[in-house]
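Below is one structure; the comments refer to it alone.
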Amino acid sequence: MSSDSRSLDHDTIAAIATPSGRGGVSIIRVSGPEALSIAELLTQKTVKARQPLLTRFFAEDSGVIDTGLTLFFQRPASFTGEDVVEFHCHGGVMVTNLLLEACLALGARLARPGEFSERAFLNNKMDLTQAEGLADLIDAPTQQAARQASASLQGAFSSAVNQLNQRIIDLRVYVEAAIDFPEEEVDFLSEGRVAALLLELKATLTTLISQARRGALLSRGAQIVMTGAPNAGKSSLMNQLANQAVAIVTDIPGTTRDVIKQTISIEGVAIQLSDTAGIRAATDAIEQEGIERAQAAVDTADIIIEVVDDQEPKEAVLYSSDNAQPLIRVLNKVDLSGRAPGMLKATDQEDESVPPSVAVSAVTGEGIQALEQVIIQCLGMGEAGTTSPFSARERHVTCLKRAEAALDEASDRFEVSQAGELLAEDLRRVHAELGAITGTFGADDLLGEIFSSFCIGK
Ligand SMILES: Nc1nc2c(ncn2[C@@H]2O[C@H](COP(=O)(O)OP(=O)(O)OP(=O)(O)O)[C@@H](O)[C@H]2O)c(=O)[nH]1
Ligand SMILES: [Mg+2]
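Residue numbering for the sequence shown follows our numbering, starting at 1 and increasing by one per position.
Okay, here's the thing in structure tokens:
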């Protein structure tokens with residue numbers, strides 16, 4: 001979405017900005033050209049910008065709805081960039097609704113979800129990643145996710161993208177200049193500088209992708225699915241990791257039928273654990289359905305934990321997945337098998353294709369800490385400094401990957417052709433893919449940039 005392609009509605013919107021229910025204070029927010037006149041009609045007072053006004057709020061029939069604060073933020077110095085008024089009333093459901101109705105009666109219309117933020121974006125108060133950071137901050141599942149969303153809201157992600165974009169623009173300007181002055185083109189392009197810059201861009205983009213991927217994982221929470229043979233101890237492990245008896249445990253194979261989900265937090269990372277039906281040739285229709293559900297959960301997981309009873313380890317891989325998710329093998333019931341709990345040493349593992357294996361007891365809790373460490377490492381959050389400095393979304397990862405593909409293509413074609421025109425066109429695509437992240441890409445951006453730095457003007 002570009003800021004040029006969406007036009008602003010010029011009507012005035014209103015909504016209750018606080019959660020519905022009982023509380024100390026509720027806030028009704030009004031934005032648009034009529035906001036001030038609505039405030040003055042509702043309060044029957046003159047309302048001045050940025051001066052809190054303690055006043056009564058009047059209904060259409062002149063009855064007093066409540067007494068509270070009115071705050072006026074004059075455009076453009078407001079959240080949306082339009083005139084914004086906030087009415088702070090007592091936090092009752094009825095009084096809040098009455099006040100909202102009074103605003104609607106005075107000419108506002110009910111805002112759509114996210115419409116205040118949309119107006120802020122369209123008025124260039126924030127870019128898309130900031131608007132998304134704002135939504136992610138509100139929905140943050142853990143403290144760490146909240147901190148990263150807050151960084152995105154403050155522009156940490158957009159500034160990383162913008163810095164990269166600026167470097168691409170600089171390179172385009174350089175290449176386009178070479179095209180405009182063909183007699184110098186050979187010198188411009190053949191001195192190896194372009195190839196070196198392309199390499200640097202690629203390295204920055206790769207870092208940004210892995211940061212965004214971790215940021216996205218942290219914002220939405222990781223999906224981990226436990227699978228394995230009946231009675232291996234999947235439900236027991238779920239209960240141990242969740243620290244509560246979420247799933248039914250019995251010694252009857254085939255106890256778990258449905259997929260049972262529980263959200264846990266390991267080192268600030270939100271994880272949705274799914275316990276599934278043990279996989280075997282099903283004995284009845286319910287179990288068969290459970291096994292199909294287990295398979296569906298496996299297909300969408302970020303990580304698969306395969307639980308094996310260490311007393312009778314089975315070689316066969318019990319799950320099948322189209323995606324190549326990381327796999328962790330858990331050797332369970334070490335209290336019975338006698339194996340030392342914890343991460344298996346590399347020498348104990350036959351070769352590198354064997355997934356990381358952790359020996360635990362889901363009953364005594366031995367080895368569980370080691371398992372949590374392996375999970376965090378598999379999510380790419382292991383070593384210090386590997387947490388993302390900002391929150392992100394899958395959309396951003398997709399855009400960044402598209403930009404990376406376009407950049408690879410640009411580099412490959414340039415290596416063969418050494419043609420400035422082709423490179424300029426390919427770089428334009430990289431730029432557009434990145435521009436889609438912040439929502440600020442427009443064709444005029446680049447023209448302005450070229451003219452301002454090159455004074456071609458003739
Ligand atoms: N001693 C011991 N017993 C365990 C351990 N983990 C599970 N069990 C026992 O093994 C039996 C099966 O455990 P569950 O957790 O129900 O196994 P499951 O993999 O969920 O089985 P299904 O739901 O049937 O697929 C129960 O009797 C558990 O108490 C363990 O680490 N040590
Ligand atoms: Mg079970």
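Beta carbons: idealized from backbone N, C-alpha and C, even for Gly. As the structure is a prediction and not an experimental result, all values here were calculated from the model.
Next item on the list: Can you grab the Cα-Cα spacing for the pair A316 / A156, in whole Å?
Entry: Residue placement at A316 cannot be trusted, given a pLDDT of 47 that sits under 50; the coordinates are not used to answer.
Next item on the list: Work out the CA separation of Q130 and D464 for me, nearest whole Å.
Entry: The structure shown does not extend to residue 464, since the chain spans only 1 to 458, so no value can be given for it.
Note to self: Output needed for V246: all residues of its chain with C-beta closer than 7 Å, excluding positions within five of it in sequence on either side, in chain order.
What the structure shows: M238, N239, I260 and Q262
Margin query: So, at 7 Å on beta carbons, what are the nonlocal neighbours of E115 in its own chain, with the 5 sequence-adjacent residues on each side left out?
Written below: I13
Check: Can you round the beta-carbon distance between R29 and A17 to whole angstroms, since I take them to be within the 8 Å contact cut?
Finding: 4 Å
Margin query: Is the beta carbon of T276 closer than 8 Å to that of A297?
Written below: yes
Next item on the list: Under 8 Å by Cβ, that's how I've got G342 and V358 pegged, so tell me the actual separation to the nearest angstrom.
Entry: 7 Å
Check: When burial is assigned at 16 or more other CB atoms within 10 Å of the CB, is E485 buried or exposed?
Finding: Shown here, the chain extends from 1 to 458; a query on residue 485 therefore has no answer.
Note to self: So, for V416: in the same chain, excluding its five sequence neighbours on each side, which residues have a beta-carbon less than 6 Å away from its beta-carbon?
What the structure shows: none
Margin query: Need the endpoints of the alpha helix (DSSP H) that Q148 sits in, please.
Written below: Q143 to L153
Item checked: E409, DSSP secondary structure in three states -> helix
Checklist line | H396 classed as buried or exposed, judged by whether at least 16 other C-beta atoms fall within 10 angstroms | finding: buried
Check: In or out: F72 buried (at least 16 other Cβ within 10 Å) or exposed?
Finding: buried
Notebook entry, point to check: Residues in its own chain within less than 8 Å of R257 by CB, not counting five upstream and five downstream?
Noted result: A277, I286, E287, E289 and G290
Margin query: Within the continuous beta strand (DSSP E) that includes Q460, where are the two ends?
Written below: Because the chain is modelled from 1 through 458, residue 460 falls outside the range shown and cannot be assessed.
Note to self: Looking at the strands, I want to know which residues DSSP matches up with A15.
What the structure shows: R29
Next item on the list: Would you be able to state if there are at least three C-beta pairs under 8 Å between the segment 423-430 and the segment 401-413?
Entry: yes
Check: Is T283 near ligand 2, judged by its Cβ being under 7 Å from some heavy atom?
Finding: no
Check: Just to confirm, does K333 get its C-beta within under 7 Å of one of the non-hydrogen atoms of ligand 2?
Finding: no
Check: For K48, does the three-state DSSP call read helix, strand or coil?
Finding: coil
Item checked: Cβ distance (whole Å) where D61 is taken to contact V95 below 8 Å -> That pair is no contact at about 16 Å.
Next item on the list: Below 6 Å CB to CB, which residues in the same chain sit around D136 once its five sequence neighbours on both sides are set aside?
Entry: A149, S219 and S391
Margin query: Less than 8 Å between the beta carbons of R413 and L400, yes or no?
Written below: no
Margin query: Between the alpha carbons of S152 and S210, how many angstroms are there, rounded?
Written below: 16 Å
Notebook entry, point to check: If you count every other CB in all the chains shown that lies within 10 Å of the CB of V64, and 16 or more means buried, which is it?
Noted result: exposed
Next item on the list: For G268, I'd like the list of residues in its chain whose CB is within less than 7 Å of its CB, leaving aside the five on either flank, ordered along the chain.
Entry: T142, Q143 and Q144
Check: For the segment 106-124 against the segment 359-369, are there 3 or more C-beta pairs whose distance is under 8 Å?
Finding: no
Margin query: Is any non-hydrogen atom of ligand 4 found closer than 7 Å to the C-beta of T142, if you look at the structure I gave you?
Written below: Only ligand 1 and ligand 2 can be found as ligands here, which leaves ligand 4 out of the picture.
Notebook entry, point to check: In terms of alpha-carbon separation, which member of V354, G81 and K202 lies closest to S411?
Noted result: K202
Check: Got a sec: does ligand 2 put a non-hydrogen atom nearer than 7 Å to the Cβ of S274?
Finding: no
Check: How close, in whole Å, do the beta carbons of L53 and L42 come, if the pair is a contact with beta carbons under 8 Å?
Finding: Not a contact, Cβ separation roughly 11 Å.
Check: At which residue ranges does the segment 175-258 contain complete beta strand (DSSP E) runs of 3 or more residues, listed in the order of the chain?
Finding: 222-228
Notebook entry, point to check: What is the DSSP secondary structure of F414, counted as helix, strand or coil?
Noted result: helix
Notebook entry, point to check: Is N123 helix, strand or coil by DSSP?
Noted result: coil
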